[in-house]
Amino acid sequence: MNSKILTAISLVIILLVIGFGLFTQEPDDTSGTDLVEYEDTALILDTINRVRVYATGEDEGREAVDQVFRRLEEIDDKLDIYDAESEISRINENAGTSKVEVSEGTFNLLKDSVKYARETEGDFDPTIGALTLLWGWGSVDGPSVPAQEEINDTLELVNYENISFDEDNREVGLDEEGMKLDLGAIAKGYASIESYNVLEETEIQSAFINLGGNITLKGMKPDQSPWRIGIQHPRSARGEVMAAVDVDEDNLDTSRAIVTSGDYERYFEEEGEEYHHIIDPSTGYPTTHNIISASIITDDPVKADAYSTGILVRGLEGREIIEETENMEALFISEDQEVFATSGIRDSVELFDDDFSLVDWEEITD
Ligand code: AMP
Ligand code: MG
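In the working numbering, the protein residues as written are 33 to 398.
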């Protein structure tokens, strides 16, 4: 049985066990409006996607959500590195040889990924693929720790500056043989903005898009109260929330995304050590610092997704990048159960678990 089928089976089991309770909120108040809440869940992009819209009727809601799910299937076909026919697989296949023509969406996503790699000084790097493959993520046998020599050799194949673009022919190539793209760190962000754009084409004004924990909001809630987003407990069962943050924009006329990266999302154990799925492109190993979860809030879900991964790699020093970036808020959780939130959201963070405490930047140590 291949790992994709195994992942799908385990996701279905998770869905059943938690009774569709992942990141749920209380149903929102639609009284006083003509709107009804419509929500559906689908397993696409190797994750659980839950889309909730407020529509004038059930049919309108269902039609909009189905359109979103159809778009997610199309994205999966283009980006899936485990599907030999996908656009990303064809680029990987031709690394060091030739460029490959891709769709406009993929072309622009890859250009954005290079931009975010530069902004995070390579902590987020879309050419991490050769390393994720070496660690065995997604392989039939599952992940294991590679030999140091293999890591050293593979590190040479990770460099976002070696992605080449041909604007005229909309072609993308990897300059070195053996290089591999892995868009795992931004695929859900891209799927989120595409979902948002699908809804922009409909009459839906208000929506809560949750693609495997990557959350994107459209418009205000029908009762005009703030959206309240749960933050996953980094050391407890999936779906257990240890904090909530209000996303309360005066005018939510663009998308608003809250995306979390955590060392707990995928990991394995070998000889008593735990190894997680987010790799520091400068060492070739999973990060080991004190920051174990980073949530980023900004208007663009792709940027939020790239930054959340990059900041988790950077650790505490990532705060400088956040402070320098306009329109971005962040919430970090440390292994020592300290929570830090930037000034724009700090007052709206509520902790549900007494083991955690809200602290200033200066009090967290790496
Ligand atoms: P996320 O959950 O968004 O942080 O994405 C994690 C996924 O991104 C991993 O499972 C890998 O496929 C990929 N990845 C791991 N490390 C990096 C990195 N430093 N830069 C970019 N992608 C990465
Ligand atoms: Mg990410």
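Note that beta-carbon positions come from the ideal geometry of N, C-alpha and C, so glycine has one too.
For residue i, the residue or residues it bridges with in DSSP
| i | result |
| --- | --- |
| residue 195 | 206 |
| residue 307 | 300 |
| residue 259 | 279 |
| residue 264 | 273 |
| residue 293 | 326 |
| residue 79 | 76 |
| residue 242 | 82 and 247 |
| residue 381 | 277 |
| residue 365 | 325 and 371 |
| residue 288 | 249 |
| residue 318 | 311 |
| residue 390 | 371 |
| residue 87 | 68 |
| residue 133 | 203 |
Of the listed residues the options, nearest to residue i (C-alpha basis)
| i | options | result |
| --- | --- | --- |
| residue 137 | 163, 257 and 204 | 204 |
| residue 227 | 94, 381, 70 and 99 | 99 |
| residue 141 | 77, 317, 218 and 161 | 218 |
| residue 246 | 329, 156 and 385 | 329 |
| residue 389 | 236, 221 and 372 | 372 |
| residue 407 | 253, 96, 250 and 335 | Nothing about residue 407 can be reported from this structure: the residues present for the chain run from 33 to 398 only. |
| residue 133 | 224, 306, 197 and 378 | 197 |
| residue 158 | 398, 312, 260 and 168 | 312 |
| residue 107 | 340, 71, 221 and 145 | 221 |
| residue 90 | 76, 69, 82 and 396 | 69 |
| residue 97 | 232, 270, 297 and 259 | 232 |
| residue 156 | 345, 353, 377 and 165 | 345 |
| residue 369 | 94, 264 and 343 | 264 |
| residue 275 | 161, 83 and 387 | 387 |
| residue 237 | 398, 92 and 81 | 92 |
| residue 194 | 165, 169 and 160 | 160 |
| residue 174 | 351, 164 and 230 | 164 |
| residue 251 | 79, 82, 81 and 87 | 87 |
| residue 234 | 62, 300 and 94 | 94 |
| residue 349 | 307, 398 and 319 | 398 |
| residue 270 | 320, 230, 297 and 306 | 297 |
| residue 182 | 396, 162 and 170 | 162 |
| residue 321 | 332, 343 and 167 | 343 |
| residue 104 | 225, 166 and 170 | 225 |
Through-space distance from residue j to residue i, alpha-carbon basis
| i | j | result |
| --- | --- | --- |
| residue 110 | residue 391 | 42 Å |
| residue 55 | residue 201 | Low local confidence applies: a pLDDT of 41 at residue 55 is under 50, so the model's placement there is unreliable, with the coordinate-based value given in what follows. C-alpha separation (whole angstroms): 42 Å. |
| residue 295 | residue 66 | 43 Å |
| residue 152 | residue 360 | 14 Å |
| residue 129 | residue 309 | 29 Å |
| residue 261 | residue 74 | 20 Å |
| residue 272 | residue 113 | 30 Å |
| residue 254 | residue 279 | 14 Å |
| residue 57 | residue 199 | Since pLDDT at residue 57 reaches only 45, below the 50 mark, its modelled position is unreliable, and the value read off the structure follows with that caveat. C-alpha separation (whole angstroms): 44 Å. |
| residue 150 | residue 143 | 11 Å |
| residue 286 | residue 338 | 19 Å |
| residue 323 | residue 145 | 23 Å |
| residue 72 | residue 85 | 9 Å |
| residue 148 | residue 192 | 10 Å |
| residue 53 | residue 293 | Since pLDDT at residue 53 reaches only 35, below the 50 mark, its modelled position is unreliable, and the value read off the structure follows with that caveat. Going by the C-alpha atoms only, they are around 20 Å apart. |
| residue 288 | residue 178 | 39 Å |
| residue 115 | residue 77 | 12 Å |
| residue 244 | residue 356 | 28 Å |
| residue 101 | residue 119 | 20 Å |
| residue 367 | residue 223 | 30 Å |
| residue 399 | residue 358 | Because the chain spans 33 through 398 in this model, residue 399 falls outside it and cannot be assessed. |
| residue 248 | residue 242 | 7 Å |
| residue 240 | residue 374 | 23 Å |
| residue 209 | residue 135 | 23 Å |
| residue 394 | residue 377 | 17 Å |
| residue 154 | residue 62 | 44 Å |
| residue 304 | residue 317 | 16 Å |
| residue 267 | residue 315 | 25 Å |
| residue 46 | residue 80 | In this predicted model, residue 46 has a pLDDT of only 49, less than 50, meaning its place in the structure is not dependable; the value taken from the coordinates is given anyway. When rounded, the distance between both Cα atoms is 9 Å. |
| residue 131 | residue 139 | 12 Å |
| residue 127 | residue 207 | 6 Å |
| residue 301 | residue 396 | 27 Å |
Inset, instruction - Indicate whether the contact test is met: 3 or more Cβ pairs, each with one atom in the stretch 213-223 and one in the stretch 117-131, closer than 8 Å. - result: The answer is yes - the stretch 117-131 touches the stretch 213-223, with three or more Cβ pairs under 8 Å.
Inset, instruction - Report yes or no: do the stretch 326-341 and the stretch 354-372 share at least 3 C-beta pairs separated by less than 8 Å? - result: They touch, by the three-pair rule.
Inset, instruction - Determine contact between the stretch 185-192 and the stretch 375-382, defined as no fewer than three beta-carbon pairs at a distance below 8 Å. - result: With a cut-off of 8 Å, the stretch 375-382 and the stretch 185-192 do not count as touching, because too few Cβ pairs lie within range.
Legend entry - Shell residues, 7 Å Cβ cut-off relative to heavy atoms of the ligand MG: 217, 218, 221, 291, 293, 337, 338, 340 and 341
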